[in-house]
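Peer 1: Sharing a structure below in structure tokens format, with a few things to ask.
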Amino acid sequence: MDAEEESGIRTERKVKKAAQLLFFRRHRTPGVKGWELKKALGDDYVEVIAVLNSVLDTLGMEVKRISEEGGEREGEEKKAERDRFMIVLKSPVIEKASGERIDNIAMLSATLAYIISKQGKVPRKAVEEFLSGKFPKQRVYFAIDRYIKQGYVGEDDKALYIGWRTRAEVDRKALLDLILT
Amino acid sequence: MKFYKVPGKQMKFDELFRLLNFCKTIQTEGTDPFDLDVKKFLETLKQYHNKWKSLDDLLLDAEAIAELAKIIELQGKWIKDRSSSFYIDPVLLELKLKMLEPQQLATAFFKSWHPIISLDRITPQRLTEGLAYWDALLPLGERIDEFPFPSAVKSTFDIEDLIELNILSKTEFDDSIRAVLNELEVRGRIEYHDFIYGASFETSVKRAYLTSYLVNEGKAELDINPLEEEVFISPSYYTNVNAQAHHTQSRSIPISLSYEDWLQWMQKRNQE
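As they're listed, the protein sequences go chains H and S.
The first sequence: position 44 = 44 (our numbering), numbered continuously.
Converting from the second sequence to our numbering requires adding 1000 to each position, the first position being numbered 1.
Right, here's the structure in full:
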């Protein structure tokens, strides 16, 4: 077996491992931190993820890299260790990918659109009052707490902002366009 | 807020505190940061700059500059947001959101949603770890401190609590009990469920609740036949109720009421 062949086998093994790490949940929060990938795959984990990405592309999926504090990232290898990596559907072709009630999805959709329209941060009370125009208050409180727990919405000093999970999963521009059209 | 005895100084601080509070309101409420006139704010600070003397004065000056810097940062962000593709008039969007049906909102979300793919699977290794954990776990009796008994339940309401909370008046409650007692006296000894159950399940539960007070106060008696599983209720004709209560050992008798049972009773009554 020559060196090139050996390197190919090693890369293939790493890509398989990366896929399993990213597909299967290891913590309560979905996704894997950069440092975990580095520990499991080695220093060249960013390149391994790039190879995995090209494989996933044919299946309509992609690896997304999200920083805890900001938006999507590309490059900046040093910061990658702190970022969260996850596989998302690139172009959903199935109608349903969630068992959530339609009411909860509607409230989430309205909450996100409302926050985005108010420059990304809005007092929690304002969101509660807005949603309670269509849903009972108790359900609204419960739903907001749930979105915070799921990572779709963040809360800081009684103000709500767009959470990391929304940044990873939701095409915010498309959401606003769909609501307005 | 600090108070200063010199009138001119008081006025000066009032103005600064007002501006500081306005800065904080913009940050917390998310209102338009351009509502603050930065130039005027700086001119106000400049006007008093040479008059600052004490450490408190300088600290206030520094706080004002820090708050102003935050507002300028927000103004920068505001311009960035407005110029980005995400900017939409909030009023227009709010109106649109109010008009849309939940179904339409959910559809918009699903169309812009790229869900994370995350699966759960128990691996053989994880099962082995679970088994090792089980083996290492001490019996419950030896770990009882990890599961303390819940403290006594204090959340139930008795009649005194309801009266205290003005949910029920004492007179209203006494009248209801008297009405049930009068009915029992008219009907005499009767099967408990026949007495309790009425036209609706709600009133039946209410009667059961009131009857429990009659029994508790010794104004009615329960006669239980365990073999036949029958319970009869009758008015108590003892003259000295209190004496009776003192000589008889009290005990709790649970009698179940359920919606299904009430439905069956109704069907039986209609057939009769």
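Cβ coordinates follow ideal geometry from the N, Cα and C atoms, glycine included.
A quick note: this is a predicted structure, and the numbers were derived from the prediction, not measured.
Determine the burial state of serine 117 of chain H: buried for a count of at least 16 other Cβ atoms within 10 Å of its Cβ, exposed for fewer.
Peer 2: buried
Peer 1: Could you name the residues of the same chain whose beta carbon sits closer than 8 Å to that of aspartate 145 of chain H, not counting the 5 residues immediately before and after it, in chain order?
Peer 2: Excluding the 5 residues flanking it on each side, aspartate 145 of chain H has no same chain C-beta neighbour closer than 8 Å.
Peer 1: Assuming tyrosine 1197 of chain S contacts tryptophan 1265 of chain S under a Cβ cut-off of 8 Å, what Cβ separation, rounded to an integer in Å, is found between them?
Peer 2: 5 Å
Peer 1: Out of curiosity, what's the CA-to-CA distance linking alanine 143 of chain H and methionine 107 of chain H?
Peer 2: When rounded, the distance between both Cα atoms is 8 Å.
Peer 1: List the residues of chain S whose Cβ lies closer than 9 Å to the Cβ of isoleucine 87 of chain H, in chain order.
Peer 2: Ile1116, Ile1117 and Ser1118
Peer 1: Where valine 1205 of chain S and glutamate 1272 of chain S are concerned, what is the direct C-alpha to C-alpha distance, given to the nearest angstrom?
Peer 2: 23 Å
Peer 1: At the 9 Å Cβ level, is leucine 1103 of chain S part of the contact set with chain H, yes or no?
Peer 2: Note that residue 1103 of chain S corresponds to glutamine in the displayed sequence, not to leucine. With 9 Å as the cut-off, glutamine 1103 of chain S counts as an interface residue toward chain H.
Peer 1: Which value, in whole angstroms, describes the spacing of the CA atoms of glycine 99 of chain H and aspartate 1135 of chain S?
Peer 2: Whole-angstrom Cα-Cα distance: 36 Å.
Peer 1: Assign threonine 166 of chain H to one of two classes, buried (16 or more other C-beta atoms within 10 Å of its C-beta) or exposed (fewer than that).
Peer 2: Classification of threonine 166 of chain H: buried, given that the 10 Å Cβ count is 16 or more.
Peer 1: Whole angstroms is fine: what's the gap from threonine 952 of chain S's alpha carbon to glutamine 1267 of chain S's?
Peer 2: The structure shown does not extend to residue 952 of chain S, since chain S is modelled only from 1001 through 1272, so no value can be given for it.
Peer 1: What separation, rounded to the nearest whole angstrom, lies between the Cα atoms of glutamine 1027 of chain S and isoleucine 1071 of chain S?
Peer 2: A direct Cα-Cα distance of roughly 8 Å separates glutamine 1027 of chain S from isoleucine 1071 of chain S.
Peer 1: Taking the alpha-carbon positions, what's the alanine 168 of chain H to proline 1124 of chain S distance?
Peer 2: 31 Å
Peer 1: Does the beta-carbon of alanine 1132 of chain S have 16 or more other beta-carbons within 10 angstroms, so that it is buried, or is it exposed?
Peer 2: exposed
Peer 1: Return the chain-ordered ranges of every beta strand (DSSP E) run that is complete within the stretch 20-71 of chain H and spans a minimum of 3 residues.
Peer 2: DSSP runs (the beta strand (DSSP E)) wholly in the stretch 20-71 of chain H: 61-66.
Peer 1: Quick one: give me the first and last residue of the beta strand (DSSP E) that asparagine 1216 of chain S is part of.
Peer 2: Element bounds for asparagine 1216 of chain S: not the beta strand (DSSP E) but the alpha helix (DSSP H), 1201-1216.
Peer 1: CA-CA distance, isoleucine 1190 of chain S and glutamate 1160 of chain S?
Peer 2: 30 Å
Peer 1: Go ahead and pull the three-state DSSP assignment for leucine 1036 of chain S.
Peer 2: coil
Peer 1: Work out the CA separation of valine 170 of chain H and glycine 31 of chain H for me, nearest whole Å.
Peer 2: 16 Å
Peer 1: If we ignore side chains and look at the alpha-carbon of each, how far apart do glycine 1188 of chain S and arginine 1143 of chain S end up?
Peer 2: 56 Å
Peer 1: Can you pull the chain S neighbours of aspartate 171 of chain H, defined as C-beta to C-beta under 9 Å?
Peer 2: Lys1111, Ser1112, Trp1113 and His1114
Peer 1: Taking 8 Å as the threshold, find out whether the stretch 1-8 of chain H comes into contact with the stretch 1095-1103 of chain S through three or more Cβ pairs.
Peer 2: no
Peer 1: Does any CB atom of chain S fall closer than 9 Å to the CB of phenylalanine 130 of chain H?
Peer 2: yes
Peer 1: With a threshold of 9 Å between beta carbons, is isoleucine 179 of chain H in contact with chain S?
Peer 2: yes
Peer 1: For glycine 163 of chain H, which option in H:Asp177, H:Ile66, H:Lys125 and H:Met86 has the closest C-alpha, if you only look at C-alpha atoms?
Peer 2: H:Ile66
Peer 1: Are there 16 or more other CB atoms within 10 angstroms of the CB of leucine 1137 of chain S, so buried, or fewer, so exposed?
Peer 2: Within a 10 Å sphere around the beta-carbon of leucine 1137 of chain S sit fewer than 16 other beta-carbons, which makes this residue exposed.
Peer 1: Please compile the residues from chain H whose C-beta is within a distance smaller than 9 Å of the C-beta of alanine 1066 of chain S.
Peer 2: None at all; the shortest Cβ gap to chain H is about 17 Å.
Peer 1: To which residues of the same chain is tyrosine 1213 of chain S closer than 6 Å at the C-beta, ignoring the five residues directly before and after it?
Peer 2: Ile1177
Peer 1: Identify every residue that forms a DSSP beta bridge with aspartate 1223 of chain S.
Peer 2: DSSP lists S:Phe1232 as partners of aspartate 1223 of chain S.
Peer 1: Under three-state DSSP, which class holds alanine 168 of chain H?
Peer 2: Looking at alanine 168 of chain H - three-state DSSP - the assignment turns out to be helix.
Peer 1: May I ask you to report which of helix, strand or coil DSSP gives isoleucine 1017 of chain S?
Peer 2: Note that residue 1017 of chain S is phenylalanine in the sequence shown, not isoleucine. Collapsing the DSSP output to three states places phenylalanine 1017 of chain S in a helix.
Peer 1: According to a CB-to-CB cut-off of less than 9 Å, which residues of the stretch 12-29 of chain H neighbour chain S?
Peer 2: Interface annotation for the stretch 12-29 of chain H against chain S: Leu22, Phe23, Phe24 and Arg25, criterion Cβ-Cβ distance under 9 Å.
Peer 1: Would you please verify whether the beta carbon of glutamine 119 of chain H is less than 9 Å from any beta carbon of chain S?
Peer 2: yes
Peer 1: Give the DSSP-derived three-state secondary structure of leucine 1042 of chain S in the structure shown.
Peer 2: helix
Peer 1: For arginine 165 of chain H, would you say it is in contact with chain S, using Cβ-to-Cβ distances shorter than 9 Å as the test?
Peer 2: yes
Peer 1: State the Cα-Cα distance for the pair aspartate 1223 of chain S and arginine 1207 of chain S, rounded to the nearest angstrom.
Peer 2: In this structure, the CA atom of aspartate 1223 of chain S is about 18 Å from the CA atom of arginine 1207 of chain S.
Peer 1: Closer than 9 Å, CB to CB, is aspartate 83 of chain H near chain S or not?
Peer 2: no
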